[in-house]
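In our numbering, the protein residues as written are 82 to 271.
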C-alpha cells in the first residue's frame with residue numbers, strides 16, 4: 082500500500098496514477114479497510130479516462146464494501162448500478178442482491194421472480210444460484226408456503242455441499258421451519 086500511495090503521488094503518466102489508484106482500491110478492500118476502498122473506488126469512477134472494466138470493478142468494490150459494513154442502502158444502489166452493465170458472475174451477484182433487497186422489503190413474490198431470473202439466466206454460477214434458492218426458501222417460509230420452503234432447503238442440503246456456508250444456513254432454516262411446524266402439528270418431530 083505504501084508503494085502504491087507513493088506511486089500515486091509521484092506518477093507523471095495518468096496510466097501510472099490509475100494503476101496505483103485501482104490497486105489501492107483492491108488492497109484496501111482485501112485488508113478490510115472498506116472506507117478507503119470506497120474512497121479509491123469513487124476516484125476511479127470519477128476518472129473519465131478509465132476503462133469500463135475497471136469502472137465495473139470499482140462499482141463492485143463499493144457494493145461489496147457496503148454489504149460488509151451493513152450499509153444496505155448504499156449496497157442496493159451500487160448493485161443496481163452494477164446490474165446495468167455487468168455480465169457473467171458479476172451479473173449473477175448483482176441479480177442475487179436484487180432479490181435479496183426485495184426480500185428485505187417484504188416483497189417476497191417479487192424476490193422469488195428475481196431468483197427465477199437468476200436461476201434461468203445465470204445457472205452456471207452455482208454459488209449465487211444456491212444463495213438464490215436459499216433466499217427463495219426464506220420467501221416461501223415468509224408467505225407460509227412451508228412445503229416449497231422445505232423441499233428447497235432439503236435440496237440445497239443434499240446437492241450443494243461445495244458451498245458449506247449455504248448448506249449451514251439451509252440447515253438452520255430447515256430446523257426453524259420444523260420447529261415452527263411442530264408447534265402446530267404434534268406428528269412432526271424435530
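A virtual CB, placed ideally from N, CA and C, is assigned to each residue, including glycine.
Enclosing alpha helix (DSSP H) for residue i [first to last residue]
i: residue 196; result: 189–202
i: residue 122; result: 115–127
i: residue 186; result: Here residue 186 belongs to no alpha helix (DSSP H), and DSSP marks it neither H nor E.
i: residue 42; result: The question about residue 42 has no answer here: the residues shown for the chain are numbered 82 through 271.
i: residue 213; result: 207–223
i: residue 130; result: Looking at the DSSP string, residue 130 is not in any alpha helix (DSSP H), and its letter there is neither H nor E.
i: residue 91; result: 83–91
Presumed contact (8 Å Cβ cut-off) between residue i and residue j, rounded CB distance
i: residue 237; j: residue 258; result: That belief does not hold up - the Cβ atoms of residue 237 and residue 258 are roughly 12 Å apart, past 8 Å.
i: residue 156; j: residue 178; result: 7 Å
i: residue 137; j: residue 171; result: 7 Å
i: residue 241; j: residue 230; result: Between residue 230 and residue 241 the Cβ distance is about 16 Å, and since that is not below 8 Å, they are no contact.
i: residue 101; j: residue 126; result: Between residue 126 and residue 101 the Cβ distance is about 16 Å, and since that is not below 8 Å, they are no contact.
How do the region 115–123 and the region 132–148 stand: do at least 3 beta-carbon pairs fall below 8 Å, yes or no?
yes
Residue ranges of each alpha helix (DSSP H) within the region 235–263, 4 or longer:
none
Would the region 125–138 and the region 148–161 be scored as touching if the rule is three or more Cβ pairs under 8 Å?
no
Pair every Cβ in the region 236–249 with every Cβ in the region 210–227, then say whether three or more of these pairs are closer than 8 Å.
yes
Start-end ranges of the alpha helix (DSSP H) lying completely within the region 138–170, minimum 4 residues:
153–166
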